[in-house]
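Undergrad: All residue numbers for the sequence shown refer to this note's numbering, where the first residue is -10 and numbers rise by one. The beta-carbon is built from N, C-alpha and C at its ideal position, and this holds for glycine as well. Just so it is clear, the structure is predicted and the values come from calculations on it, not from any experiment.
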Amino acid sequence: QMTTCFLVPVGKPRMTRRDKFVKRPAVVKYRIFADALRDCMKDVDLSDVWCMTCKCWLPFPPSYSFKKREKLKGKIHRVKPDASNILKGIEDSLVEHDECIAGVLLWKYWDDGYGPRIEITVNEEPE
-10 QMTTCFLVPV GKPRMTRRDK FVKRPAVVKY RIFADALRDC MKDVDLSDVW CMTCKCWLPF
50 PPSYSFKKRE KLKGKIHRVK PDASNILKGI EDSLVEHDEC IAGVLLWKYW DDGYGPRIEI
110 TVNEEPE
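1. Do G104 and A23 have their C-beta atoms closer together than 9 Å?
2. Kindly list the residues whose CB is nearer than 6 Å to the CB of K64, restricted to its own chain and excluding five residues on each side of it in sequence; keep chain order.
3. Beta-carbon of L76 versus every beta-carbon of chain C: anything under 9 Å?
4. Output the distance between the C-alpha atoms of S93 and R13, rounded to the nearest integer angstrom.
5. Taking only the alpha-carbon atoms, compute the straight-line gap between C89 and K56 and give it to the nearest angstrom.
6. Could you check which residue in E59, A91, L76, W46 has the C-alpha nearest to that of D37?
7. Can you give me the C-alpha to C-alpha distance between L26 and T(-7), rounded to a whole angstrom?
8. Is the beta carbon of L47 less than 9 Å from the beta carbon of V111?
9. Would you kindly work out how many angstroms separate the C-alpha atoms of K9 and E85, rounded to a whole number?
10. Report the three-state DSSP secondary structure of I90 (helix, strand or coil).
11. Taking DSSP as the reference, what is the three-state secondary structure of R106?
12. Have a look at the DSSP bridge pairing and note the partners of T(-7).
13. Looking at the secondary structure, which residues open and close the beta strand (DSSP E) in which L35 lies?
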């Protein structure tokens, strides 16, 4: 089953023990994202995830011109954040034992006009 979460995808930052006490902005942003993602996926059975497909639409930086935004709208996103960091953030937020996931696929796109979001499909055979 596919679930759409209207959140800006956030890559998981590298964390240390110190982050439990010192509130770095990147870690706070990730924790807010993780809580919101868990809340969005609360109706999905995540007890035995073995396969996950994610499609992420990311927002444009404010510095991008209207012309550049129109050119990139809905196209593949090939700049930071890394797909692997976004995937790690999604896996760690949703699945307690993410080592059990046998297959993952993540695509990044520029915002297509419907806003930043993540579409997550779990336990469906890949095509």
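TA: This is what the structure gives:
1. no
2. W99
3. No chain C is present in this structure, which holds just one protein chain.
4. Position check: residue 93 holds Val in this sequence, whereas Ser was assumed. Approximately 29 Å, taken between the alpha carbons.
5. 44 Å
6. A91
7. 10 Å
8. no
9. 19 Å
10. coil
11. strand
12. E108
13. Here L35 belongs to no beta strand (DSSP E), and DSSP marks it neither H nor E.
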